[in-house]
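Here's the structure, in structure tokens; my notes come after.
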Amino acid sequence: MRTKLTVLPAAVARLSGLRTLILSDNSLTSLPAEIGELSQLRVLEAERNQIASIPDEIANCKNLENIRVGYNKITDLSALADCDNLVTLVVDGNALDSLESLNLREKQRLVTLSAKKNGIESVPADLGKCQLLAEIFLNDNKIGDLPMSMGELKEKKVRAIELDGNPLNDPKVKKM
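Next up, the structure:
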């Protein structure tokens with residue numbers, strides 16, 4: 007029998023040189039605010055837990071490049087608004103209805119955005135400002151329309167845009 011972690015001790019903050027923290031496949035319901043003291047943290051993976059929110063203190067992790075918090079119970083991403091060095095963000099299978107609070111305009115290093123299987127109703131207009139964005143996975147949401155700004159994405163950078171499973175209104179977009 008495998009024991010699952012239910013709480014991440016606040017003492018994790020003592021690991022000041024920690025660069026990678028993988029907490030996937032546990033029974034965590036939250037991340038401690040002290041996670042913001044991990045100034046060297048580059049990778050945070052906490053998929054398949056019961057996490058309802060991301061602590062605001064995560065914004066203090068200025069080196070954070072890769073966040074994978076898919077298949078939790080997260081409803082809001084505003085804590086990530088100031089995480090401007092993100093390269094990969096995976097928030098699949100949560101309870102999100104919007105990506106607006108992400109402040110995508112400032113995510114100039116973002117390459118992969120995956121928010122499949124949520125309840126997202128619209129794509130933020132500032133998505134097109136992410137000049138390095140190469141992979142966009144928004145399958146199985148409630149998206150009806152795409153912003154014109156998606157045309158601003160660099161065509162040589164974009165490798166994949168997945169929108170299947172959305173009630174898209176434009177027949178041309180449905181064929182993408």
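Under my numbering, the first residue of the sequence shown is numbered 7, with each subsequent residue one higher. Heads up, the beta-carbon is just placed ideally off N, CA and C, and yes, glycines get one too. Note that the coordinates shown come from a computational prediction; the quantities given were computed from them, not determined experimentally.
- prompt: Just reading off the beta strand (DSSP E) that S120 is part of, what are its end residues?
  reply: By one-based count along the sequence shown, residue 120 stands at place 114. 118-120 is the extent of the beta strand (DSSP E) around S120.
- prompt: What residue from A101, D176, N91, G134 has the CA that sits closest to V49's CA?
  reply: For the purposes of this step, residue 49 is taken as the residue at position 43 of the sequence shown. It is N91 whose Cα lies nearest to the Cα of V49.
field: Exposure label - A17; buried when at least 16 CB within 10 Å
entry: Along the sequence shown, one-based indexing puts residue 17 at 11. Exposed is the call here.
- prompt: Which residue spans inside the segment 46-81 form an unbroken alpha helix (DSSP H) run of at least 4?
  reply: none
query: Who are V96's beta bridge partners in DSSP?
result: Mapped onto the sequence shown, residue 96 falls at position 90. Answer by DSSP bridge pairing, in chain order: R74, S120.
message: Among N145, E51, Q137, whose alpha-carbon lies nearest the alpha-carbon of G157?
response: Counting from 1 along the sequence shown, the entry for residue 157 is found at position 151. The shortest Cα separation from G157 among N145, E51, Q137 belongs to Q137.
- prompt: Considering only C-alpha positions, which residue in the set E51, I57, L108 is nearest to R74?
  reply: Position 68 of the sequence shown, counted from the start, is the residue given in the question as residue 74. When each option's Cα is compared against that of R74, the closest is E51.
task: Compare the beta carbon distance of L119 and V93 with 8 angstroms and say whether it is the shorter of the two.
output: The residue given as residue 119 occupies position 113 in the sequence shown. The residue given as residue 93 occupies position 87 in the sequence shown. Contact: no.
message: So, at 7 angstroms on beta carbons, what are the nonlocal neighbours of Q56 in its own chain, with the 5 sequence-adjacent residues on each side left out?
response: Translated into positions along the sequence shown, residue 56 becomes position 50. Cβ neighbours of Q56 beyond the five flanking positions: S33, L34, T35, N78, K79.
- prompt: So what does DSSP say about L188, is it helix, strand or coil?
  reply: Absent from the structure is residue 188, since the part of the chain shown begins at 7 and ends at 182.
task: For E161, count neighbouring Cβ atoms within 10 angstroms of its own Cβ and tell me buried if that reaches 16, exposed if not.
output: In the sequence shown, counting from the first residue as 1, residue 161 sits at position 155. By the neighbour-count rule (16 or more Cβ atoms within 10 Å), E161 is not buried but exposed.
field: Between the CA atoms of I142 and L95 - distance to the nearest angstrom
entry: Numbered from its first residue, the sequence shown carries residue 95 at position 89. Numbered from its first residue, the sequence shown carries residue 142 at position 136. Rounded to whole angstroms, L95 to I142 spans 10 angstroms at the Cα level.
- request: Using the Cα positions of D170 and L144, report the straight-line distance between them to the nearest angstrom.
  value: In the sequence shown, the residue the question calls residue 170 occupies position 164. In the sequence shown, the residue the question calls residue 144 occupies position 138. Approximately 8 angstroms between the Cα atoms of the pair.
task: Give me the Cα-Cα distance between L14 and P38, rounded to the nearest whole angstrom.
output: On the sequence shown, residue 14 is found 8 positions in, with the first residue counted as 1. On the sequence shown, residue 38 is found 32 positions in, with the first residue counted as 1. Rounded to the nearest angstrom, the two C-alpha atoms are 7 angstroms apart.
- request: Look up A166 in the DSSP assignment and say whether it is helix, strand or coil.
  value: For this step, residue 166 is matched to residue 160 along the sequence shown. Three-state result, A166: strand.
field: Counted within 10 angstroms of its Cβ, other Cβ atoms place E11 as buried (16 or more) or exposed
entry: Translated into positions along the sequence shown, residue 11 becomes position 5. At residue 11 the sequence reads Leu, which differs from the Glu that was named. Under this definition L11 is an exposed residue.
field: Spatial distance of L70 from A140 (CA atoms)
entry: Taking the first residue of the sequence shown as 1, we reach residue 70 at position 64. Taking the first residue of the sequence shown as 1, we reach residue 140 at position 134. The alpha-carbon atoms of L70 and A140 are separated by roughly 19 angstroms.
Own chain residues within Cβ distance below 6 angstroms of L83, not counting five before or after: One-based indexing of the sequence shown puts residue 83 at position 77. Answer for L83: S107, L108, listed in chain order.
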